[in-house]
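A.B. asks: Residue numbers (my numbering): 2 to 179.
We put the CB at the ideal spot given by N, CA and C, even for glycine.
I have a structure I would like to understand better, so I am pasting it below and will then ask my questions one at a time.
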């Protein structure tokens with residue numbers, strides 16, 4: 002796809018098992034990334050369904066990704082420390098372009114989809130939390146279905162699904178550098 006196509010597209014959606022997923026995501030990201038980009042990976046390793054962000058952050062830092070990455074398995078950014086971590090990030094980076102990554106609940110037929118769109122992430126929204134929005138560009142991986150009567154669906158998710166999605170997102174970022 003050429004740059005003109007991505008200039009008018011504000012979002013991309015693709016299933017992580019699609020054979021073109023890495024290429025599609027990396028091409029989209031390549032046209033959105035800026036010099037002042039930082040990546041903020043949200044979630045915790047205390048809940049399998051919520052570890053997508055920290056897994057991506059860990060993968061990116063382990064390969065020496067050239068842009069700053071915050072939120073890893075060792076140093077997660079989650080509901081409890083989100084405000085403090087964002088204050089630190091804004092102290093270290095003047096006017097950053099933030100790409101935020103988080104797990105998401107959605108419709109059952111969208112489980113496994115990765116969505117990138119212009120605009121922030123609203124962390125915790127799917128489980129009834131009210132946290133500040135984060136990001137200029139958001140990447141969410143739909144890890145399970147949303148159920149109005151069940152605020153704990155994220156505890157029944159397979160780690161293999163989350164790992165594969167996180168690896169794919171990290172590969173898409175790595176393709177940008179080549």
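1. Should residue 85 be labelled buried (16 or more other beta-carbon atoms within 10 Å of its own) or exposed?
2. For residue 144 versus residue 105, is the C-beta spacing smaller than 8 Å?
3. Residues in the same chain with beta-carbon distance under 7 Å from residue 99, minus the five sequence neighbours each way, listed in chain order, please.
4. Which whole-angstrom value is the C-beta distance of residue 107 and residue 18, which I expect to be below 8 Å?
5. Pair every Cβ in the segment 42-57 with every Cβ in the segment 13-28, then say whether three or more of these pairs are closer than 8 Å.
6. Nearest by alpha-carbon distance to residue 75: which of 88, 89, 54 and 67 is it?
7. Assuming residue 60 contacts residue 173 under a Cβ cut-off of 8 Å, what Cβ separation, rounded to an integer in Å, is found between them?
C.D. replies: For this structure:
1. exposed
2. yes
3. 39, 41, 135, 136 and 137
4. The pair is not a contact, with the Cβ atoms about 16 Å apart (cut-off 8 Å).
5. no
6. 54
7. No, residue 60 and residue 173 are not in contact; Cβ-Cβ is about 11 Å, not under 8 Å.
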